[in-house]
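Novice:
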Amino acid sequence: MKVLVHIDDAEQWRDALARRLPQAEVFTSSAPAEKRREADYLAAWKPSAELLGEPERLKGIVNLGAGVDALLGNPGLPEGVPIVKLRDAGMAELIGDYVRYGILHFQRDFDRYRRQQARRDWREHAVVDKADWPVGVLGLGAIGAKVAAMVAADGFPVHGWSRSPRSLDGITCHHGDAGLDELLGQVRSLVLLLPDTPATRHVIDAAALARLPEGASLINPGRGSLIDEAALLDALGEGETEGRLRGALLDAFPEEPLPGASPLWSHPRVWVTPHMAGPTPLGEALDQVAEALLAFEAGEALDTVDPEAGY
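Residue numbers (the working numbering): 8 to 318.
1. Measure from the C-beta of Gly250 to each C-beta in chain D and report whether the shortest distance is under 8 Å.
2. Could you pull out every unbroken alpha helix (DSSP H) segment of at least 4 residues lying fully inside the stretch 47 to 133, listed in chain order?
3. How many whole angstroms separate the CB atoms of Leu197 and Ile226, which I take to be in contact at a CB cut-off of 8 Å?
4. Do three or more CB pairs link the stretch 28 to 40 to the stretch 10 to 17 at distances below 8 Å?
5. What residue from Val144, Arg170 and Ser169 has the CA that sits closest to Ala159's CA?
6. Kindly indicate which residue of Ala215, Ile178 and His112 has the alpha-carbon position closest to the one of Leu191.
7. Compute the distance between the beta-carbons of Lys66 and Asp95, then report whether it is under 8 Å.
8. Measure the Cβ-Cβ separation of Glu45 and Arg122 and say whether it is below 8 Å.
9. In chain order, what residues of the same chain have a beta carbon less than 6 Å from the beta carbon of Glu32, not counting five sequence neighbours either side?
10. Give, in chain order, every unbroken run of the beta strand (DSSP E) that is at least 3 residues long and sits entirely within the stretch 145 to 224.
11. Between which two residues does the beta strand (DSSP E) holding Arg3 run?
12. Between which two residues does the alpha helix (DSSP H) harbouring Val296 extend?
13. Whole-angstrom Cβ separation of Ile178 and Gly162, contact assumed at under 8 Å?
14. Checking 8 Å against the spacing of the C-beta atoms, do Leu101 and Pro286 come in under that value?
15. Which of the three DSSP states is assigned to Leu239 in this structure?
16. Per DSSP, Gly143 forms a beta bridge with which residues?
17. Answer with buried or exposed for Phe117, where buried requires no fewer than 16 other C-beta atoms within 10 angstroms of its C-beta.
18. In angstroms with no decimal places, state the Cα-to-Cα distance between Val142 and Gly186.
19. If the criterion is Cβ atoms closer than 8 Å, does the pair Ala319 and Lys92 meet it?
20. Classify Glu45 as helix, strand or coil using the three-state DSSP reduction.
21. Does the Cβ of Ala223 have 16 or more other Cβ atoms within 10 Å, making it buried, or fewer, making it exposed?
22. Hey, out of Leu301, His274 and Glu307, whose CA is closest to Pro29's CA?
23. Which term fits Asp294, buried or exposed, when burial requires 16 or more other beta carbons within 10 angstroms of its beta carbon?
24. Within 10 angstroms of its Cβ, does Ala152 collect 16 or more other Cβ (buried), or is it exposed?
25. Going by the beta-carbon positions, is the gap between Pro261 and Gly290 smaller than 8 Å?
26. Give the single residue among Met98, Met157, Pro89 and Asp128 whose Cα lies nearest to the Cα of Ile110.
27. Under 8 Å: do the stretch 57 to 66 and the stretch 80 to 92 share three or more Cβ pairs, one atom per stretch?
28. As a quick exercise: from Ala50, Ile90, Val165 and Val210, pick the residue whose alpha carbon is nearest that of Gly183.
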């Protein structure tokens, strides 16, 4: 079994994967071209079209992350080669911490206190009970379901949404267009954890933002394509005056790094983070990669990505 690895810190991944798979020959994309052409499997994050086209007998691809939009949109992706992706691998807990911070940021008025500090304004706000702060989580896959459970364990009422029906303990689950409309109308913080697919692009548009209660907040550790940026800026309003939307904590953007000219950088009610909500913990990720490669080699059934669905 010959495995080609392509990711930042590829040598670290190569060495750790080789220890887990002593029967395999593991090499990085810096190996000679003739070696890359011999690869049976590719374990990669955002490979180039040229690299995708080099292996002559590729039997499987392991996407070294939960999001597969960049891979599926790559013109060099070979047809018919099965793809598996990392599913949670420790990312969910990190993303859950990010989401919990974002919810508390708004529920405990830290956004308002920060602006008051700039004005030297000493004024306390009444605390809203967690029970009166419903949270919506769009996307109930492996990561979304765990994040929803973490938020519910903190005492917030949680509403989850997925395309098809789901049932999760402690979560009020909605599905379909009607379910999304119902969820939007009753949550004070909305969390986006959907994949990037044609069906989810700009799912948060002007109409969706108008359905949210006045003063709701938005937290996006998912995909930048989920939000219509012009509609978001309109809902946030200008200057110090709050618009319909109280604020947004954003970790993902259609173009990354976020361009310096983007108005999101300087908006007083937007908090920008550099796609850091859910870095991939190396140990758990490598365990999943090794298991997937062994399953590929043994001809076992795998939970592969559906290119048509986009996840």
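Cβ coordinates follow ideal geometry from the N, Cα and C atoms, glycine included. These numbers were taken from a predicted model, which means no experiment stands behind them.
Specialist: Reading off the structure:
1. Reference to chain D is not applicable here, since this structure consists of a single protein chain.
2. 56 to 60, 76 to 79, 98 to 114 and 117 to 126
3. 7 Å
4. yes
5. Val144
6. Across the set Ala215, Ile178 and His112, the C-alpha of Ala215 shows the shortest separation from the C-alpha of Leu191.
7. no
8. Remark: C-beta atoms of Glu45 and Arg122 do not approach each other more closely than 8 Å.
9. When the five nearest sequence neighbours on each side are left out, the beta carbons in the same chain lying within less than 6 Å of the beta carbon of Glu32 are those of Lys9, in order along the chain.
10. 165 to 169, 179 to 182 and 196 to 199
11. In the structure displayed, the chain extends from 8 to 318; residue 3 sits before or after that span and is not available.
12. Leu289 to Ala305
13. The pair is not a contact, with the Cβ atoms about 14 Å apart (cut-off 8 Å).
14. yes
15. helix
16. Beta-bridge pairing links Gly143 to His166 and Leu197.
17. exposed
18. 15 Å
19. Within the shown structure, residues of the chain are numbered from 8 to 318, placing residue 319 beyond reach of any answer.
20. coil
21. buried
22. Leu301
23. The residue is exposed, with fewer than 16 neighbouring Cβ atoms inside 10 Å.
24. buried
25. no
26. Met157
27. yes
28. Selected option, being the one with the closest Cα: Val210.
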